[in-house]
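**Q** I have a structure here, written as structure tokens, and I will follow up with some questions on it.
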Amino acid sequence: MTGITRPTNTFKAAEPGAHAAEQAERCRRLSKSTSDRKTSEMLILMAEDYDRQAKAAG
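Numbering-wise (the numbering used here), the sequence shown opens with residue 27 and increments by one.
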């Protein structure tokens, strides 16, 4: 044992899809801040996927 512990997920969504909506916004912000086009495109695709998840959750 190295003494390193894994963080636990303490996120508790206030409403269904809240976490996915948060992640979508985070991906959009990151896509605007990166200078690499391919990374930016991938982050935008991830944001769209998170949007779909949030919509499906409620």
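Note that the Cβ used here is the ideal one computed from N, Cα and C, for glycine as well.
Give me the Cβ distance between Ala50 and Ala73, rounded to the nearest whole Å; I'm assuming they're in contact under 8 Å.
**A** For the purposes of this step, residue 50 is taken as the residue at position 24 of the sequence shown. For the purposes of this step, residue 73 is taken as the residue at position 47 of the sequence shown. At roughly 4 Å, the Cβ-Cβ gap stays under 8 Å, so Ala50 and Ala73 are in contact.
**Q** Going by DSSP in three states, Glu41 sits in which element: helix, strand or coil?
**A** Within the sequence shown, the letter at position 15 stands for residue 41. Residue state, collapsed to three classes: coil.
**Q** When you compare only the Cα positions, how much space is there between Arg54 and Glu67?
**A** Along the sequence shown, read from residue 1 onward, the residue named residue 54 stands at position 28. Along the sequence shown, read from residue 1 onward, the residue named residue 67 stands at position 41. So the two alpha carbons sit approximately 10 Å from each other.
**Q** For Ala47, which residues of its own chain have a beta-carbon under 6 Å away from its beta-carbon, when the five flanking residues on both sides are left out?
**A** Numbered from 1 along the sequence shown, position 21 holds the residue referred to as residue 47. Here the set comprises Ala80.
**Q** Distance, Cα to Cα, Leu71 vs Ala44?
**A** Looking up residue 71 in the sequence shown gives position 45. Looking up residue 44 in the sequence shown gives position 18. Straight-line Cα distance between these residues: approximately 18 Å.
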